[in-house]
Amino acid sequence: MIPSVKTVDFLVIGGGVAGLRAAIELASKGSVLVLTKDKATESTTGYAQGGIAVALSDEDEVSIHYNDTINAGDGLCNKEAVQIMVEEGPEYILELMSWGAEFDKDGSKLSYTREGAHSRRRILHSRGDSTGKEIERALIKKARSYSTIERYDFAYTLDLLVKDNRCVGAVVLRGDQIIHVFAKSVLLATGGAGQLFSRTTNPMISTGDGLAIAYRAGAEVMDMEFIQFHPTTLYFPGAPQFLLSEAMRGEGAVLKNIQGQSFMNNYHKMAELAPRDAVTRAIVSEMVKTSAKHVLLDLTHLEKDFVKKRFPLIYTTCLQYNIDVTEEMVPVCPSAHYIMGGIKTNIHGETSIEGLFAAGEVACTGIHGSNRLASNSLLEGLVYGARTGKRAVAYASEISGHPDSSEFSMDSKLILTGADTDFDIDKKRSSLRQIMWNKVGIIRCEKSLTAARNWLSRQRHLIDSAFRDRRGFEFKNMLTVADIVTESAYSRKNSVGAHYRSDFKDKGADWQNHSLCRKDTSIVWVD
Ligand code: SIN
Numbered sequence: 202m203i204p205s206v207k208t209v210d211f212l213v214i215g216g217g218v219a220g221l222r223a224a225i226e227l228a229s230k231g232s233v234l235v236l237t238k239d240k241a242t243e244s245t246t247g248y249a250q251g252g253i254a255v256a257l258s259d260e261d262e263v264s265i266h267y268n269d270t271i272n273a274g275d276g277l278c279n280k281e282a283v284q285i286m287v288e289e290g291p292e293y294i295l296e297l298m299s300w301g302a303e304f305d306k307d308g309s310k311l312s313y314t315r316e317g318a319h320s321r322r323r324i325l326h327s328r329g330d331s332t333g334k335e336i337e338r339a340l341i342k343k344a345r346s347y348s349t350i351e352r353y354d355f356a357y358t359l360d361l362l363v364k365d366n367r368c369v370g371a372v373v374l375r376g377d378q379i380i381h382v383f384a385k386s387v388l389l390a391t392g393g394a395g396q397l398f399s400r401t402t403n404p405m406i407s408t409g410d411g412l413a414i415a416y417r418a419g420a421e422v423m424d425m426e427f428i429q430f431h432p433t434t435l436y437f438p439g440a441p442q443f444l445l446s447e448a449m450r451g452e453g454a455v456l457k458n459i460q461g462q463s464f465m466n467n468y469h470k471m472a473e474l475a476p477r478d479a480v481t482r483a484i485v486s487e488m489v490k491t492s493a494k495h496v497l498l499d500l501t502h503l504e505k506d507f508v509k510k511r512f513p514l515i516y517t518t519c520l521q522y523n524i525d526v527t528e529e530m531v532p533v534c535p536s537a538h539y540i541m542g543g544i545k546t547n548i549h550g551e552t553s554i555e556g557l558f559a560a561g562e563v564a565c566t567g568i569h570g571s572n573r574l575a576s577n578s579l580l581e582g583l584v585y586g587a588r589t590g591k592r593a594v595a596y597a598s599e600i601s602g603h604p605d606s607s608e609f610s611m612d613s614k615l616i617l618t619g620a621d622t623d624f625d626i627d628k629k630r631s632s633l634r635q636i637m638w639n640k641v642g643i644i645r646c647e648k649s650l651t652a653a654r655n656w657l658s659r660q661r662h663l664i665d666s667a668f669r670d671r672r673g674f675e676f677k678n679m680l681t682v683a684d685i686v687t688e689s690a691y692s693r694k695n696s697v698g699a700h701y702r703s704d705f706k707d708k709g710a711d712w713q714n715h716s717l718c719r720k721d722t723s724i725v726w727v728d
């Protein structure tokens, strides 16, 4: 197949908060193409309930937000990156509000909620528990006001075009057409990889594509062992793995085991509002103690009208499964939620490949350390989406014009012909997700990780299969990312933040090092 060619100034891959904010930054400096692999509004941003953390309230300070982020990150945050986020955050939020984003108010003042490990009420929310949707709505509207921004929806990025460690574009599958998109700079904002695990809060699109294509292109990826497991997703036969926002605990909901006993005070002085990793492990411990597959979230003591108004999405969704959260306790258990690691970037979103930038969950600025502070991810996406866009503009002005597309063979090596895959992709995908959940999940050890490594090494040859469609390519990317996560988790022989090893329960020596990997080399540990 001969690919068609498209040339733009800036290519942005991903349409969540980071990608859209970056596109807006780029729009006044040239033509921008934003690719989303699904419909325009389908991004993890849109699923974010709890809110966006920012030190704007009278009782808060940037330095307190900084300290809370560092403490939750358990010693592994990049302090400079955190400082930038908490300091620049307020101005970017105000700008977003000037573009039409509406956050809930108490009277004329913004209303702030609290979540785990925050020492202040500092989380803005919209329509109760639909914060991500509102942020996305405002950003899409703003992006649409620029004639320089073009969108390709349902356009799946297969690989990056990289020569001599310089990225000049991407190979994109749109319908049954392959397009070589050439650009002065490429910005990855493809989100996370929660679908690697059989239990996840993430939508179906979160298959780690950006991580995999950057890795294949030779980019450095960092801290991939750090997967955050959200403590509370709905656990009910037939129901989706639906998130029950941490903000519910911020407003007074209590965790109880199936015998009706509250337990968080036995595990952490901040009880229900302990850092997320601590709450998740406490829940697992109670599930083991009571031989149950879930615990319970109790809101029944809260005022009914308040709950309905404050959490309308959660209230109505649970009601569809005949659970009235105002009247009965909700069965919940932890699920994979966020990857703290990602493509290594500096504080300007630059990766180890020239011309390739990354922002949002796919990137690892080091802000989240080993355990992300709740509701910091939308803020990171906003601040670092803009910063990364700015740096991509500066880079484009330094290089000499558009890349020479003739240097790239027009016979795409990513052909959609070739032999059919002779295995059932859906079955393999399901096995992969089970293995990752059971062996590389909340509690890991040498034995479980070895089992996962063995399984993954038996599947490695499948990566070279002749895949034909998005589902196949996603599976290939999932295999790649699962491998990196597992190898990183296996190599980190200590417990820190969200990475917990039952055979190395303490931090031990050298725990402050970061895992760094790159294609065809083994993991190295860096400061
Ligand atoms: C939540 O609402 O509990 C999720 C917020 C987050 O992950 O930042």
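The number in my numbering is simply the position in the sequence shown, starting from 1, with 201 added. Each residue gets a CB set at the ideal place from its N, CA and C atoms; glycine is no exception.
- At least 9 Å separates the beta-carbon of Leu498 from that of Thr402.
- In this structure, the alpha-carbon of Asp670 lies about 14 Å from that of Thr408.
- Here Arg482 has Ile643, Tyr701 as same chain residues with Cβ atoms under 7 Å from its own Cβ, once five neighbours each way along the sequence are excluded.
- Its chain contains Asp210, Phe211, Lys230, Gly231, Lys385, Ser386 as the residues whose beta carbon lies nearer than 8 Å to that of Ala597, once the 5 sequence neighbours on both sides are disregarded; these appear in chain order.
- It is roughly 14 Å from the alpha-carbon of Gly542 to the alpha-carbon of Thr391.
- Taking C-beta atoms as the reference points, His326 and Ile253 count as a pair closer than 9 Å.
- Separation of Met637 and Asp307 (C-alpha to C-alpha, rounded to the nearest whole angstrom) is 43 Å.
- Using a cutoff of 8 Å, the CB of Leu444 counts as near ligand 1, since one of the ligand's heavy atoms is closer than that.
- If you compare the alpha carbons of Gln660, Phe383, Lys490, Glu581 with that of Glu289, the shortest gap goes to Glu581.
- The Cβ-Cβ distance between His431 and Glu447 falls below 9 Å.
- Rounded to the nearest angstrom, the gap between the Cα atoms of Thr245 and Tyr293 is 20 Å.
- Ser631: member of the alpha helix (DSSP H) spanning 626-640, first to last residue.
- Taking each of Gly453, Val369, Glu487, Gly451 in turn and checking the Cα distance to Phe464, the smallest one comes out for Glu487.
- When DSSP states are grouped into helix, strand and coil, Ile568 belongs to the coil group.
- Exclusion of the five residues before and after Ala493 leaves Ile459 as the residues of its chain whose Cβ lies within less than 6 Å of its Cβ.
- In the same chain as Lys640, and ignoring 5 residues on each side of it, the C-beta atoms closer than 6 Å to its own belong to Ser649, Ala652, Ala653, in chain order.
- For Ile265, the enclosing alpha helix (DSSP H) covers residues 263-273.
- Beta bridge pairing from DSSP links Arg352 with Val235.
- By the Cβ neighbour-count rule, Ile406 is buried, with 16 or more other Cβ atoms within 10 Å of its own.
- By the neighbour-count definition (other C-beta atoms within 10 Å, threshold 16), Arg345 is an exposed residue.
- With a cut-off of 8 Å on Cβ pairs, the segment 232-241 is not in contact with the segment 547-558, counting fewer than three such pairs.
- When Leu503, Gly709, Pro476, Leu359 are compared, the shortest CA-CA separation from Met530 is found for Leu503.
- In the three-state scheme derived from DSSP, where H, G and I count as helix and E and B as strand, Val531 is classed as strand.
- Assignment of Lys494 by DSSP, reduced to helix, strand and coil, places it in the coil class.
- Relative to ligand 1, Asn272 has its C-beta separated by 8 Å or more from all heavy atoms.
- Comparing alpha-carbon positions, the option among Ile540, His381, Pro441 lying closest to Tyr522 turns out to be Pro441.
- According to the DSSP assignment, Ala559 belongs to the beta strand (DSSP E) that extends over 557-559.
- DSSP places Leu444 outside any beta strand (DSSP E), giving it a letter other than H or E.
- Taking a cut-off of 8 Å on C-beta distances, the segment 361-376 touches the segment 415-422, as three or more cross pairs fall below it.
- Sixteen is the threshold: since fewer than 16 other Cβ atoms of the shown chains lie within 10 Å of the Cβ of Leu520, the residue is exposed.
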